[in-house]
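**Q**
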Amino acid sequence: MKYKAVKLVKRPDIYITPDLFETVTLETPELEGGQILLKQTHMSLDPAMKGWMMEDRNSYIPPVELGEVMRSSGVAEVVESKNDEYSVGDRVVGMIGWTEYAVSTGSGLQKLPAGVDAEAVLCVLSLPGLTAYKGLMGIGKPRAGETLVVSGAAGSVGSIVGQLGKAEGLRVVGTAGTDEKCRWLEEELGFDKAINYKSDNLEKQLLEATPDGVDVYFENTGGEVQHITYNRMNAHGRVVVCGMIADYNTDRPSPGPNWINMIRRRLTVQGFAMPDHWDEVPAMMEKLSAYLMTGKLKYRSHKLSGLESAIEGINLLFTGGNTGKLMVEL
Ligand SMILES: NC(=O)c1ccc[n+]([C@@H]2O[C@H](COP(=O)([O-])OP(=O)(O)OC[C@H]3O[C@@H](n4cnc5c(N)ncnc54)[C@H](OP(=O)(O)O)[C@@H]3O)[C@@H](O)[C@H]2O)c1
Numbered sequence: 163m164k165y166k167a168v169k170l171v172k173r174p175d176i177y178i179t180p181d182l183f184e185t186v187t188l189e190t191p192e193l194e195g196g197q198i199l200l201k202q203t204h205m206s207l208d209p210a211m212k213g214w215m216m217e218d219r220n221s222y223i224p225p226v227e228l229g230e231v232m233r234s235s236g237v238a239e240v241v242e243s244k245n246d247e248y249s250v251g252d253r254v255v256g257m258i259g260w261t262e263y264a265v266s267t268g269s270g271l272q273k274l275p276a277g278v279d280a281e282a283v284l285c286v287l288s289l290p291g292l293t294a295y296k297g298l299m300g301i302g303k304p305r306a307g308e309t310l311v312v313s314g315a316a317g318s319v320g321s322i323v324g325q326l327g328k329a330e331g332l333r334v335v336g337t338a339g340t341d342e343k344c345r346w347l348e349e350e351l352g353f354d355k356a357i358n359y360k361s362d363n364l365e366k367q368l369l370e371a372t373p374d375g376v377d378v379y380f381e382n383t384g385g386e387v388q389h390i391t392y393n394r395m396n397a398h399g400r401v402v403v404c405g406m407i408a409d410y411n412t413d414r415p416s417p418g419p420n421w422i423n424m425i426r427r428r429l430t431v432q433g434f435a436m437p438d439h440w441d442e443v444p445a446m447m448e449k450l451s452a453y454l455m456t457g458k459l460k461y462r463s464h465k466l467s468g469l470e471s472a473i474e475g476i477n478l479l480f481t482g483g484n485t486g487k488l489m490v491e492l
């Protein structure tokens, strides 16, 4: 059977452009003992992919090599099996790549319980939810009554961070790039305040929204929000450095805030990357599933259609064009 896959053939200069990719038509091979054939149904698109395309060999994960199928996580169904642990019809989540079909031994895959929705898996029970949970609970160490500011608040990670914050009894303030996203955060997700960071008087709005200062800042974007919030931190505040998307498409990283307030306010500023914490995944999944089942976590997905829609579609993450977890339905 023939299928399509998309390979990375060139590294980005600044932007992700279509010439970085080549679509190839491949044929599914005869399976060997221990192998399974996967048909991918939902493929995740993530800001981190920009980093994986770059030549940086000193990051938390090696780059995708040129000529390799582009790396991504996804949900797939087993359509053929020569592996006793997998039956046809089983569904799995794992690193599958920009491809319609893939052969696997099952290594690194997680089986999904029957009935679990693929969108819920990509929106909550995989990278976004795990990152939000690890970052907020493990590093942010929130306490009821404290104030949390989260940037990129309407995105996959940020929207879960804010909801977890509310569930933990915090005052939650989010920043996002459109009024519609801000309305969704306040009206549907229960944020105390959502601020459009592209509107006027951002500093005044953030100061008014945080009358008692900021105890936890969950950083997804960088930019002006970072500077304002950093200078608003209370003593012993925690800054969780998850992402800096405002800097992903620039050739010159923007200057960070001055470290003097780190001393004066005795702040903890910690960067983290989920791949360091895979051993904690089962425990975190249990917590996230409980929040999901009790209606404490809402999500929305932004679905593109067909494998090659990823090539242009990934840029929605960098323009703010995505409304919810960006994924490709295959
Ligand atoms: N450390 C980790 O292990 C880890 C894991 C997953 C994700 N992350 C990071 O977490 C962040 C969010 O990722 P996600 O998957 O949840 O993506 P997402 O928020 O669903 O999508 C990206 C969003 O970033 C915002 N954005 C784009 N350019 C921006 C800019 N110049 N300034 C401010 N906001 C901008 C856009 O929303 P607006 O409309 O609001 O601008 C866009 O919708 C990213 O920085 C990502 O790299 C880190």
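Okay, so the sequence shown: first residue is 163 according to the numbering used here, each after it adds one. We put the CB at the ideal spot given by N, CA and C, even for glycine. Predicted model only: the values in this text are computed from it and were never measured.
1) How would you label residue 263, buried or exposed, when you count the other beta carbons within 10 angstroms and need 16 or more for buried?
2) According to the Cβ coordinates, are residue 358 and residue 341 closer than 8 angstroms?
3) Can you tell me which of the three DSSP states residue 357 falls into?
4) Name, in chain order, the residues that DSSP records as bridge partners for residue 272.
5) Check this for me: beta carbons of residue 232 and residue 260, under 8 angstroms apart or not?
6) Which partner residues of residue 202 appear in the DSSP bridge assignment?
7) Please say whether residue 382 and residue 313 have beta carbons closer to each other than 8 angstroms?
8) Judging by CA-CA distance, which residue of 203, 377, 166, 346 is the nearest neighbour of residue 281?
9) In this structure, how does DSSP classify residue 381 when only helix, strand and coil are distinguished?
10) With a threshold of 8 angstroms on Cβ separation, who are the neighbours of residue 265 within its own chain once the five nearest residues in sequence on each side are excluded?
11) Between residue 424 and the rest of its own chain, which residues show a CB-CB distance below 7 angstroms, the 5 nearest in sequence each way excluded?
12) Helix, strand or coil, according to DSSP, for residue 327 in the structure here?
13) Taking C-alpha atoms, which residue in 249, 216, 418, 429 lies nearest to residue 376?
14) Starting from residue 432 and walking both ways along the alpha helix (DSSP H), at which residues does that stretch end?
15) Look up residue 351 in the DSSP assignment and say whether it is helix, strand or coil.
16) Can you name, in chain order, every residue of its own chain whose Cβ lies under 7 angstroms from the Cβ of residue 465, other than the five neighbours on each side?
17) If you run the structure through DSSP and keep just helix, strand and coil, what is residue 399?
18) Is it true that the CB of residue 243 sits closer than 8 angstroms to the CB of residue 254?
19) Below 7 angstroms, is the gap between the Cβ of residue 257 and the nearest heavy atom of ligand 1?
20) Among 311, 237, 293, which residue has its Cα nearest to the Cα of residue 273?
21) Report the rounded CA-to-CA distance for residue 290 versus residue 406, giving the unit in angstroms.
22) Please report the residue range of the beta strand (DSSP E) in which residue 394 lies.
23) Pull up the distance between the alpha-carbon of residue 395 and that of residue 325, whole angstroms please.
24) Using the Cβ count rule (16 or more neighbours within 10 Å means buried), how would you classify residue 484?
25) For residue 385 versus residue 408, is the C-beta distance shorter than 8 angstroms?
**A** Taking the structure as given:
1) buried
2) yes
3) strand
4) 255
5) yes
6) Under DSSP, residue 202 takes part in a beta bridge, and its partners are 238.
7) yes
8) 203
9) In the three-state reduction of the DSSP assignment, residue 381 falls in the strand class.
10) 190, 191, 193, 197, 198, 199, 200
11) Around residue 424, the same chain offers 431 as residues with beta carbons nearer than 7 angstroms, after the five sequence neighbours per side are excluded.
12) helix
13) The candidate whose alpha carbon is nearest that of residue 376 is 429.
14) Segment 430 to 433 is the beta strand (DSSP E) holding residue 432; no alpha helix (DSSP H) there.
15) coil
16) Only 489, 491 meet the Cβ criterion.
17) It is a strand residue.
18) When the beta-carbon positions are compared, residue 254 and residue 243 stay at least 8 angstroms from each other.
19) no
20) 237
21) 15 angstroms
22) Element bounds for residue 394: n/a, residue is neither H nor E.
23) Between residue 395 and residue 325, the C-alpha separation is close to 21 angstroms.
24) buried
25) yes
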